[in-house]
Each structure stands twice: as structure tokens, then as C-alpha cells.
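In this note's numbering, the protein residues as written are 11 to 300.
Positions of the beta carbon are idealized from the N, C-alpha and C atoms, including for glycine.
Laid out in C-alpha cells, this is it:
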């Protein structure tokens, strides 16, 4: 995900062009839409992502003070004809890397991609193929096992974040249960639900103030905000030729107008979500850092 090395003059021009493109609505950017250049973009193929590190590198990082670890939870769900099913996974993996950078001394566990997405026994669940649901209590058990594993390795602050509404209750339930069980041990589990809940509110307020867009325009699923975030994080996941307000049909699975999306809005969304998570974590820690 890192930009390629370019001669200085070309690099500056590329950054300028990317910034201009990012400010345009997605429909105006067309098939050449791309995320803006950013030297601080996390690379999921490198540290601090555990799955990109060897066990000795993880051991040494922990010994050097990286005692905090983030467990991101995403989802595998339909996102209309224009956006891939892994939307939440791409976004939360990227955001977890940004959060780790902001906090320092923090690693990132592999993203949990199976989360509650509804009742797979209900009629019509398979109408939009590809959705995978892991309802409770299986979801909570998965989280519980992941957190217990990380504790054994020496992590003392385990941060849970979720990129979808259905993830939040499980994060809180597991955090509360394990903190009660481990009271006095020096290990704490933090359900940073403000990443999703507060971040979502702040972004909608920003869009209303800045552009005057109402709830129907922004939408609640696969609309302006979701599409913007994936455009910033992983633009290859957007099918620009399939963009349409409301997804183009009543049964598209889209709420809102994804044609108004931009990478600039996506970057703002990630920043607001991460800032909300940082603020909640520091409040829970009493103002301390990892």
C-alpha cells in the first residue's frame, strides 16, 4: 500500500494531482479514482501487523514495550453492486494501523472477518450471495479466545474495535466479562465502541455542516460514507461503473448516494473514528499512554 519511489519533482506532482482527485465526488473521478498520497499510510504487509511479523519480531517488540494490541473486527456482507464484500475488513484493518501509530508501542492482531450479519436461517438471507454471519454466542466465543491468546503472550492492554454496528455489543460483553475475571491482574480489555458509534455521529454532522447532505443522501449502508472510506483505503474495491444513487434499484442493498463519495471524505472518516477511539482509550486509561 506504500507509494512507489519517484524523483522529487514527479513525486510532488503526483501528490498534487492526488489531492485534487480526492476532493472530487467519486462520480467525477471516474475509473481513475485513487486514494490520496500519504507517507504515514499503514502497510498491512509489515509491522505492527502481527500476521506480517515473525514470532521473534513479536517477542522482541513486546520486550521493548509494545504491550498493547488491537483486535479489529470487520465483517463479510453485501455492499451493493459497486462495492466488495470485504469493505469493513479493509477499512478496519487500515484504521487499526493508524490507531497503532497514534498510540505508539501498539501492535495489531489479524482482523476478525466473521461477525454477526443476521440470521442465516431466515428466508431471503441468501438473496445477495457471499454474506457470512457468525451470530452470538459464537462471535463472543471467538473474541474471547483471541483475547485470551493475546494475554498469554504478554499483552497487558487489549483493544477491541469494530467497524459495523452488529459488532459492538459483543465487544462490550467480552470486555466486561474478562475484566471481571482478570481484576487485579494488570491486564485490561478495552471495548472502544466510540470508534464506530461516536465516529459515525461526528462524520454525519461534518457532512451535514459542510455539504448540507441529509440522512437520506448520506445513507446508512454502502452509501456516501462507506464508499468514501473504501475509496481512500482500497479504491480497487469500488466498481465505479456501477455507481448510482440508492444503488440503482430498490433491491440493490444500498442506502444513500455513493456517487457523492470521495477519498477526502474517506480520510476524514478514518481520522474521526480513530480520534474517537484514542480519546476513549485514554479516558479508560486515566490519560495514560500504552
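Query: Can you list, in chain order, the stretches of the beta strand (DSSP E) that have 3 or more residues and sit fully within the segment 130 to 207?; Result: 167 to 172, 198 to 201
Query: Can you give the Cα-Cα distance for residue 129 and residue 262, rounded to whole angstroms?; Result: 20 Å
Query: May I have the straight-line CA-CA distance separating residue 276 from residue 105, to the nearest angstrom?; Result: 11 Å
Query: Go to residue 56, then tell me how far its beta strand (DSSP E) extends in each direction, as first and last residue.; Result: No beta strand (DSSP E) contains residue 56, which DSSP labels as neither H nor E.
Query: Of the choices 207, 95, 249, 224, whose alpha-carbon is the least far from that of residue 285?; Result: 207
Query: What is the residue span of the alpha helix (DSSP H) that residue 241 lies within?; Result: 234 to 243
Query: I believe residue 117 touches residue 162 by the beta-carbon criterion, under 8 Å. Please report the beta-carbon distance rounded to the nearest angstrom.; Result: Their Cβ separation, rounded to whole angstroms, is 15 Å, which puts residue 117 and residue 162 out of contact at 8 Å.
Query: Let me know the secondary structure DSSP gives residue 93 once reduced to three states.; Result: strand
Query: Which term fits residue 156, buried or exposed, when burial requires 16 or more other beta carbons within 10 angstroms of its beta carbon?; Result: buried
Query: CA-CA distance, residue 211 and residue 230?; Result: 12 Å
Query: Can you have a look at residue 185 and say buried or exposed, based on whether 16 or more other CB atoms are within 10 angstroms of its CB?; Result: buried
Query: On the premise that residue 171 lies in contact with residue 82, defined as a C-beta separation below 8 Å, what is that separation, rounded to the nearest angstrom?; Result: 6 Å
Query: Are the beta-carbon atoms of residue 64 and residue 99 separated by less than 8 Å?; Result: no
Query: Counting beta carbon pairs with one atom in the segment 231 to 239 and one in the segment 266 to 282, are three or more of them shorter than 8 Å?; Result: yes
Query: Could you pull the start and end residues of the alpha helix (DSSP H) that residue 289 belongs to?; Result: 273 to 294
Query: Does residue 264 come out as helix, strand or coil in the three-state DSSP assignment?; Result: coil
Query: Express the C-alpha separation of residue 255 and residue 183 in angstroms, rounding to a whole number.; Result: 37 Å
Query: Let's see if you can read the secondary structure: which residues bound the beta strand (DSSP E) around residue 227?; Result: Taken as a continuous stretch (DSSP letters only), residue 227 belongs to no beta strand (DSSP E), being part of the alpha helix (DSSP H) at 225 to 228.
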